[in-house]
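Undergrad:
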Amino acid sequence: TYELILKDKDELGKVDWRMLVVDEGHRLKNASSQLHNVLDDLSPTCRLLITGTPLQNSLQELWSLLHFIMPSKFSNYEEFLSKYS
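Once you know that position 58 of the sequence shown is 61 in the numbering used here, the rest is easy, because the numbers rise by one and skip nothing.
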């Protein structure tokens, strides 16, 4: 669960993660949330978000999800906003 990930972040951080699959990916729509930061710190080689919840609130939420799955391509929100808004 997400609560266990937050609780056991130090132990999980010791693992060399190749793949990270996140169900309920919409929970990462806030790039400054603790969960987003902990999962990002795991530095997996490959990331996949699964969600059935449509985006409906803002470009910042979309950027947050894209930043999580492709951090090198979507590294800066202001650049994303100027290009896609």
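Ideal Cβ placement from N, Cα and C applies to all residues, glycine included.
Predicted model only: the values in this text are computed from it and were never measured.
#1: Where does Ser78 land, buried or exposed, given buried means 16+ other C-beta within 10 angstroms?
#2: If you compare alpha carbons, which of Val41, Lys32, Gly28, Leu51 is closest to Met73?
#3: Among Ser46, Trp20, Gln37, which one has its Cα closest to the Cα of Leu7?
#4: Under the rule that 16 or more other beta-carbon atoms within 10 Å means buried, what is Lys32, buried or exposed?
#5: Given this structure, state the Cα-to-Cα distance separating Val18 from Pro57, to the nearest angstrom.
TA: Working from what's here:
#1: Label assigned to Ser78: exposed.
#2: Comparing alpha carbon positions, the residue from Val41, Lys32, Gly28, Leu51 closest to Met73 is Leu51.
#3: With distances taken between CA atoms, Leu7 lies nearest to Gln37 out of Ser46, Trp20, Gln37.
#4: Under this definition Lys32 is a buried residue.
#5: When the Cα atoms are used, Val18 and Pro57 turn out to be separated by approximately 32 Å.
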